[in-house]
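Everything in the sequence shown is counted per the working numbering, starting at 1 for the first residue and increasing by one.
Reading through the structure tokens given below for one structure.
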Amino acid sequence: NGKITLTGNMDKPIANGDINFNKTRFNFGMLNNYFSIDDEKISVSPEGITFSTFTIKDSTNNTTVIDGKAYTSNFTNYKFDLTLRARNFHALNTTKKDNKLYYGQLYFTSNLNISGTEAKPVIDGSLTINEDTKLTVVLPQREPGVEEREGIIQFVDLDANVADSVLFAAYDSLNTSGLVGMDVSVNVEIKKEAELNLIIDEGNGDFVNVRGEALLTAGVDQSGKVTMTGSYEIEEGAYELTFSMLKRKFAIQKGSKIVWKGEPTDAEVAITAAYVANTPPLELVENQLDDNTQVRNTFRQKLPFQVNLNMQGKLMKPEITFDIILPDNRNYSVSKDILETVNQRLVQLRSQPSELNKQVFALLLLNRFVAENPFQSSNGMTAESFARKSVSKLLTEQLNQLATSLIQGVDINFDVVSEDDYTTGSRQAKTDLNVGLSKRLLNDRLTVTVGSNFELEGTKQTNRQSTNIAGNVALDYRLSKDGRYLLRGYRKNEYQGILEGYIIETGVGFIMTIDYNRFREIFESTKKKEKRREERRKQRELEDSKKVAPVTKSNTTTK
């Protein structure tokens with residue numbers, strides 16, 4: 001509500017009064033968040049429009065304060081002298097249903113000065129993306145195109161009254177903008193706890209998830225050119241790659257970064273992402289070994305090979321290379337001679353790009369190395385078993401997808417395992433089908449899981465007992481609604497090749513899931529955790545208060 005008195009004439013109106021906001025609530029559809037204005041006012045005078053600590057609150061009572069004046073004598077041309085200060089303001093609260101291209105939570109702190117005119121506004125200051133931010137951006141799969149063009153052909157009534165033409169011309173001018181350029185220079189800080197998800201291919205499920213820290217300077221000049229300088233250093237992240245029906249998750253290494261020195265699209269990237277495949281190195285080093293069976297068997301021990309995906313160069317056209325390493329910070333259960341032999345072979349691979357790429361894709365697709373001639377394998381794997389080993393992975397996923405669509409009310413899981421068995425001293429093909437059924441009861445508090453293993457191929461098949469569907473049983477009861485505390489009782493029936501018989505294991509377990517940032521937080525009491533959260537909150541408010549401290553400004557006159 002309010003009262004404004006208008007005097008003067010149409011060319012130079014004189015306005016006086018206030019517009020009052022008392023317990024005002026509103027929602028922006030594109031932001032999907034509620035905002036409130038309590039006991040605030042906007043004053044109108046012959047000098048213009050005045051905002052006196054005009055405060056807008058978000059749904060959690062965090063504030064954005066607008067202060068200053070928009071000078072005008074005709075309510076058409078404006079000269080700004082405004083400040084906009086926000087403190088952990090919750091701006092965005094959307095889901096995929098609200099916006100398919102970007103959604104999530106966005107919290108920011110700002111200290112911005114707005115000057116200039118409506119034709120050439122000037123914005124400078126600082127903007128901080130806070131730690132509670134969790135934003136998802138979906139990359140479109142095709143370039144946006146023009147869906148509709150308006151105003152290309154204009155129909156004119158030659159018999160129309162001239163006065164009507166003047167009236168409609170004035171009406172059309174309301175839809176045009178007098179903006180001829182802007183001058184923006186903002187220091188942007190991104191807290192390392194803020195999370196960004198980038199959906200690369202929504203159909204396949206390829207996405208990048210990162211947390212990192214950034215100090216950037218973003219600007220827009222009067223010609224409309226956008227510039228950005230600074231770097232974004234990744235603290236942690238993951239890149240999930242989907243190839244056909246196979247999914248592989250790469251961990252983005254700490255220290256990876258993106259550096260801007262001009263246009264946003266002209267950034268330099270230096271990113272390393274790693275995928276770990278636990279596999280024996282025998283196929284990799286077979287040409288370096290003699291025919292001694294005992295020596296070869298020592299290379300059947302699985303080792304954690306790390307596949308590195310390296311991205312270097314321009315952001316829009318990076319150079320992508322691969323590498324395979326054995327991490328140094330591991331305690332290996334094999335001799336130093338084995339590690340030395342493997343590392344020597346990896347050094348050789350780096351000088352043979354085609355062979356290196358072959359081994360990389362073998363690790364990604366099959367989780368194993370392949371021989372230089374994959375049809376003559378040193379461990380006795382024939383072309384038939386080589387194909388079965390990869391097809392079994394695909395068959396597993398196909399069975400699970402089929403079961404999901406056909407069987408309702410229960411969760412069913414299939415796992416086909418095809419491998420070679422050396423317990424007899426020679427290679428024997430072995431294929432098992434693992435079937436599991438689970439049902440949730442008592443409002444999802446109780447989960448009952450039963451399952452068993454069916455042997456489809458293997459020489460010892462006739463000597464092993466056949467188990468029914470309830471060979472393995474597990475009961476999981478959620479002690480808390482969020483599943484943080486879980487009580488489990490189980491019975492597991494498993495064949496042991498060394499004993500040539502089944503082992504039945506029965507037990508009860510208590511499972512507790514804890515989220516923590518530092519290892520010491522696991523052992524802290526609830527009171528200490530609350531105290532630590534409160535200290536962090538106060539520290540954040542202290543930092544924010546320093547950032548939003550009033551800025552001394554000099555009076556300038558624009559001609």
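Here a beta-carbon is modelled for each residue, glycine too, at the ideal position from N, C-alpha and C.
Note that the coordinates shown come from a computational prediction; the quantities given were computed from them, not determined experimentally.
Which residues share a DSSP beta bridge with threonine 298?
Here residue 298 refers to the residue found at position 298 of the sequence shown. Secondary-structure assignment with DSSP links threonine 298 through no beta bridge to anything.
Specify, as a first and last residue, the run of the alpha helix (DSSP H) that lysine 358 falls within.
The residue labelled residue 358 in the question sits at position 358 within the sequence shown. Where lysine 358 is concerned, the enclosing alpha helix (DSSP H) stretches over 353 to 366.
Could you give the first and the last residue of the continuous alpha helix (DSSP H) run that contains arginine 350?
The sequence position of residue 350 within the sequence shown is 350, counting from 1. Annotation: the continuous alpha helix (DSSP H) that includes arginine 350 extends over 336 to 350.
Near tyrosine 34, which residues of its chain fall below 7 Å by C-beta distance, leaving aside the five closest residues on each side in sequence?
Working through the sequence shown from its first residue, we reach residue 34 at position 34. Cβ within range, chain order: Arg25, Asn27 and Ser59.
Quick check: the Cα distance between aspartate 98 and glutamine 352, rounded to an integer number of angstroms?
If you number the sequence shown from 1, residue 98 lands on position 98. If you number the sequence shown from 1, residue 352 lands on position 352. Near 50 Å, if we compare the C-alpha coordinates of glutamine 352 and aspartate 98.
Among Ile325, Thr55 and Phe89, nearest to valine 276 - alpha-carbon criterion:
Numbered from its first residue, the sequence shown carries residue 276 at position 276. Out of Ile325, Thr55 and Phe89, the CA that lies nearest to the CA of valine 276 is found in Ile325.
Within the continuous beta strand (DSSP E) that includes leucine 198, where are the two ends?
Your numbering for residue 198 matches position 198 in the sequence shown. Here the beta strand (DSSP E) through leucine 198 covers 195 to 201.
Counting only runs of 3+ residues fully inside the stretch 61 to 130, write out the beta strand (DSSP E) ranges in chain order.
Within the stretch 61 to 130, the complete beta strand (DSSP E) segments of 3 residues or longer fall at 63 to 71, 79 to 94, 102 to 116 and 121 to 129, listed in chain order.
In angstroms with no decimal places, state the Cα-to-Cα distance between alanine 371 and serine 335.
Locating residue 371 in the sequence shown gives position 371, where the first residue counts as 1. Locating residue 335 in the sequence shown gives position 335, where the first residue counts as 1. The alpha-carbon separation between alanine 371 and serine 335 amounts to approximately 23 Å.
From the DSSP output, read off the bridge partner residues of asparagine 329.
As a first step, residue 329 must be located in the sequence shown, where it is residue number 329. Beta-bridge pairing links asparagine 329 to no other residue.
Residues bridged to phenylalanine 54 by DSSP?
Within the sequence shown, the letter at position 54 stands for residue 54. Within the DSSP secondary-structure output, phenylalanine 54 pairs in a beta bridge with Ile66.
Going by Cα to Cα distance, which pick from Pro318, Ile14, Asn1 and Asn329 is closest to proline 304?
Residue 304 sits at position 304 when you count from the first residue of the sequence shown. Of Pro318, Ile14, Asn1 and Asn329, the residue nearest in Cα terms is Asn329.
Tell me the residue span of the alpha helix (DSSP H) that contains valine 285.
By 1-based counting over the sequence shown, the position of residue 285 is 285. Under the DSSP assignment, valine 285 falls in the alpha helix (DSSP H) whose first and last residues are 282 to 285.
Which residue from Tyr71, Gly48 and Arg87 puts its Cα closest to that of threonine 63?
Indexing the sequence shown from 1 puts residue 63 at position 63. Closest option to threonine 63, Cα to Cα, is Arg87.
Kindly indicate if chain C contains any beta-carbon less than 9 Å away from that of lysine 120.
In the displayed structure, chain C is absent; only one protein chain is listed.
Rounded to the nearest angstrom, how far is the Cβ of glutamate 202 from that of valine 138, given a contact under 8 Å?
Start at 1 with the first residue of the sequence shown, and residue 202 comes out as number 202. Start at 1 with the first residue of the sequence shown, and residue 138 comes out as number 138. Between valine 138 and glutamate 202 the Cβ distance is about 6 Å, and since that is below 8 Å, they are a contact.
Measuring alpha carbon to alpha carbon, tell me which of Leu282, Phe89 and Val473 ends up nearest asparagine 343.
Translated into positions along the sequence shown, residue 343 becomes position 343. Of the residues Leu282, Phe89 and Val473, the one whose Cα lies closest to the Cα of asparagine 343 is Leu282.
Which residues mark the beginning and the end of the beta strand (DSSP E) in which glutamine 253 is found?
In the sequence shown, the residue the question calls residue 253 occupies position 253. In the DSSP annotation of this structure, glutamine 253 is not part of any beta strand (DSSP E), being labelled neither H nor E.
C-alpha distance - glutamate 534 paired with glycine 436, whole-angstrom precision:
Position 534 of the sequence shown, counted from the start, is the residue given in the question as residue 534. Position 436 of the sequence shown, counted from the start, is the residue given in the question as residue 436. Cα to Cα, the separation comes out at about 45 Å.
Serine 185 bridges to which residues according to DSSP?
Walking along the sequence shown from the start, residue 185 turns up at place 185. Note: serine 185 sits in a beta bridge opposite Asp124 and Gly219.
Give the range of the beta strand (DSSP E) segment to which asparagine 32 is assigned.
Position 32 of the sequence shown, counted from the first residue, corresponds to residue 32. Unbroken run through asparagine 32: none, as it is neither H nor E.
For serine 45, the residue or residues it bridges with in DSSP
If you number the sequence shown from 1, residue 45 lands on position 45. In the DSSP output, where bridge partners are listed per residue, serine 45 has Gly48.
On the premise that valine 220 lies in contact with valine 188, defined as a C-beta separation below 8 Å, what is that separation, rounded to the nearest angstrom?
Looking up residue 188 in the sequence shown gives position 188. Looking up residue 220 in the sequence shown gives position 220. Cβ atoms of valine 188 and valine 220 stay farther apart than 8 Å, at about 13 Å.
In chain order, what residues of the same chain lie with their CB nearer than 6 Å to the CB of phenylalanine 54, ignoring the 5 residues before and after it?
The sequence position of residue 54 within the sequence shown is 54, counting from 1. Cβ neighbours of phenylalanine 54 beyond the five flanking positions: Glu40 and Ile66.
Nonlocal neighbours in the same chain, by C-beta distance under 8 Å from glutamate 74, ignoring five residues either side:
Within the sequence shown, the letter at position 74 stands for residue 74. The sequence shown places asparagine at residue 74, rather than the glutamate named in the question. Cβ-Cβ distances below 8 Å link asparagine 74 to Asp11, Lys12 and Pro13 in the same chain, with the five nearest sequence neighbours on each side left out; the list follows chain order.
Leucine 487 in three-state terms, based on DSSP
If you number the sequence shown from 1, residue 487 lands on position 487. Three-state result, leucine 487: strand.
DSSP three-state call for threonine 133: helix, strand or coil?
In the sequence shown, counting from the first residue as 1, residue 133 sits at position 133. Coil, per DSSP.
Which word fits isoleucine 271, buried or exposed, when buried means at least 16 other C-beta atoms lie within 10 angstroms of its C-beta?
Translated into the one-based positions of the sequence shown, residue 271 becomes position 271. The Cβ neighbour count for isoleucine 271, taken over all protein chains shown within 10 Å, is at least 16; the residue is labelled buried.
Taking the beta carbon of threonine 293 as the centre, do at least 16 other beta carbons fall within 10 Å, making it buried, or is it exposed?
By 1-based counting over the sequence shown, the position of residue 293 is 293. Threonine 293 comes out exposed.
Count the other CB atoms within 10 Å of the CB of glutamate 263; is the residue buried (16 or more) or exposed (fewer)?
Taking the sequence shown and counting its residues from 1, the one referred to as residue 263 is at position 263. When all chains shown are included, glutamate 263 counts as exposed.
Report the option in Asp266, Thr95 and Ser480 whose CA atom is closest to the CA atom of glycine 29.
Counting from one through the sequence shown, the residue named residue 29 turns up at place 29. For glycine 29, the nearest C-alpha among the options comes from Thr95.
Using only alpha-carbon positions, find the residue among Ile514, Gly483 and Thr447 that is nearest to tyrosine 490.
Numbered from 1 along the sequence shown, position 490 holds the residue referred to as residue 490. Comparing Cα-Cα distances from tyrosine 490 to each of Ile514, Gly483 and Thr447, the minimum goes to Thr447.
Glycine 224: first and last residue of the uninterrupted beta strand (DSSP E) it sits in:
Taking the sequence shown and counting its residues from 1, the one referred to as residue 224 is at position 224. Neither: glycine 224 is in no beta strand (DSSP E) and is coded neither H nor E.
Please return the same chain residues whose Cβ sits closer than 7 Å to the Cβ of lysine 192, not counting the five positions on each side in sequence.
By one-based count along the sequence shown, residue 192 stands at place 192. Cβ within range, chain order: Arg211, Gly212, Glu213 and Glu235.
Rounding to the nearest angstrom, what Cα-Cα distance links aspartate 124 and leucine 112 in this structure?
Taking the first residue of the sequence shown as 1, we reach residue 124 at position 124. Taking the first residue of the sequence shown as 1, we reach residue 112 at position 112. Roughly 6 Å separates the two Cα atoms.
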